[in-house]
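Its first residue numbered 16, the sequence shown is counted upward by one per residue in the numbering used here.
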Amino acid sequence: KNRAPPLFCIQLMNRALKNRLLIYLCLFMGLIIDSYNFSSNFQFIKPSFVLLILIYWNMALPDKVGITTALLFGVLIDLLHSSLLGLHGLLFVLITYFCQRFFYQFRITPIWQQSFLIFILAIIVKQILAFDFLDSEVTRSNLSDNYYFVNTFYYAILSSLSWAPVYYLCRLYRRRWIKT
């Protein structure tokens with residue numbers, strides 16, 4: 016006999032789909048914030064909210080957000096910033112791998128230690144992004160700029176200071192809307 020799946024399985028599938036869509040909605044909100052243009056001076060040091068939100072979801076629900084999501088949003092950032100296609104995607108995939116590999120250790124640390132880890136990670140990300148010499152914008156900064164390392168430091172400071180609000184807002188969002 017062909018029996019229809021129980022209603023409970025359908026509800027679980029709907030819940031899983033709903034959770035995934037809500038996580039993607041949160042990441043798209045970060046994408047919208049990243050797409051907002053600030054002054055040219057602040058544009059260099061503005062933290063990547065998609066990256067911070069992606070780190071949060073990898074830490075909070077590593078089974079729901081994975082390599083594919085990181086690659087998708089990395090390519091979207093590349094298209095948004097008109098940078099070398101795949102550069103942000105590769106960075107996001109590597110960061111996702113390390114977040115999922117060490118999420119048990121990262122999850123239990125206090126928020127100030129997590130901010131310090133974000134600071135170190137932001138410096139590494141900014142240094143890797145400096146190799147985008149094919150950038151068409153003349154105003155973008157790279158390793159040949161005299162103030163690039165100062166801008167990298169400011170970027171890391173702002174990213175680490177932004178981590179606590181992003182963490183608590185995403186946690187509030189997860190507790191309110193995402194049912195596991």
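In this text, a Cβ means the ideal position worked out from N, Cα and C, and glycines have one as well.
- VAL140 carries a helical assignment under DSSP once its states are collapsed to helix, strand and coil.
- DSSP places LYS33 within a helical segment (H, G or I) once states are collapsed to three.
- Within its own chain, the residues whose Cβ lies closer than 8 Å to the Cβ of SER130, once the five positions on either side in sequence are excluded, are SER175, LEU176, TRP178, ALA179, listed in chain order.
- With a cut-off of 8 Å on Cβ pairs, the segment 84–95 is not in contact with the segment 181–195, counting fewer than three such pairs.
- In the displayed model, SER97 falls within coil according to three-state DSSP, outside both helix and strand.
- Judged by DSSP secondary structure, TYR170 falls within the alpha helix (DSSP H) whose first and last residues are 163–192.
- In the three-state reduction of the DSSP assignment, GLY104 falls in the helix class.
- The DSSP-derived three-state label of VAL65 is helix.
- The beta-carbon separation of LEU42 and ILE68, rounded to 6 Å, stays under the 8 Å limit for a contact.
- Note that the C-beta distance between THR111 and ASN56 is not below 7 Å.
- LEU66 counts as buried, since at least 16 other C-beta atoms from the protein chains shown sit within 10 angstroms of its C-beta.
- Residues of the same chain with a CB within less than 6 Å of the CB of GLN120, apart from the 5 flanking positions on each side, do not exist.
- For LEU76, the closest alpha carbon among the candidates ALA145, LEU105, HIS103, TYR39 is that of TYR39.
- For TYR112, the secondary structure class from DSSP, reduced to helix, strand or coil, is helix.
- By a beta-carbon distance limit of 8 Å, ALA145 contacts TYR163. Their separation comes to about 7 Å.
- Burial check for ARG116: the Cβ neighbour count within 10 Å stays below 16, so the residue is exposed.
- 7 Å or more divides the Cβ of TYR51 from the Cβ of CYS185.
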